[in-house]
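Participant: Throughout, this note's numbering is defined as the position within the sequence shown, counted from one, plus 3.
Virtual Cβ for every residue (Gly too), placed ideally from N, Cα, C.
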Amino acid sequence: MLIARTLVLLLLLTSAVFFAFYAATGQVRYRHLGLVVLKWTVIAGLFFFAVLFITRLV
């Protein structure tokens with residue numbers, strides 16, 4: 004559980020850094036990378052909560 008929380012936190016921080024790079028430089032590739040990382044963060048979070056839900060059912 005600690006690994007999943009750490010992974011989600013690191014993904015959020017990485018996404019924030021990419022958006023900060025985009026704000027500083029104006030290069031669209033940083034915005035794109037930030038959105039991709041944010042998408043995977045949401046997927047990882049949903050997977051984490053799905054595992055928690057399944058373990059509560061069992």
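Where do the N-terminal and C-terminal ends of the alpha helix (DSSP H) with G37 fall, by residue?
Facilitator: Locating residue 37 in the sequence shown gives position 34, counting from the first residue. Element bounds for G37: 31-60.
Participant: Does the separation of the CB atoms of A7 and F56 fall below 9 Å?
Facilitator: Stepping through the sequence shown from its first residue, residue 7 is reached at position 4. Stepping through the sequence shown from its first residue, residue 56 is reached at position 53. No. Outside cutoff.
Participant: What's the C-alpha gap between G37 and A53?
Facilitator: Numbered from 1 along the sequence shown, position 34 holds the residue referred to as residue 37. Numbered from 1 along the sequence shown, position 50 holds the residue referred to as residue 53. Roughly 24 Å between the two C-alpha positions.
Participant: Might you give, ordered along the chain, the residues of its own chain that have their beta carbon closer than 7 Å to the beta carbon of F21, omitting 5 neighbours on each side?
Facilitator: Looking up residue 21 in the sequence shown gives position 18. These residues qualify, in order along the chain: Y33, L36, G37, V40.
Participant: Work out the CA separation of M4 and G29 for me, nearest whole Å.
Facilitator: As a working note, residue 29 is residue 26 in the sequence shown. As a working note, residue 4 is residue 1 in the sequence shown. G29 and M4: Cα-Cα distance of roughly 37 Å.
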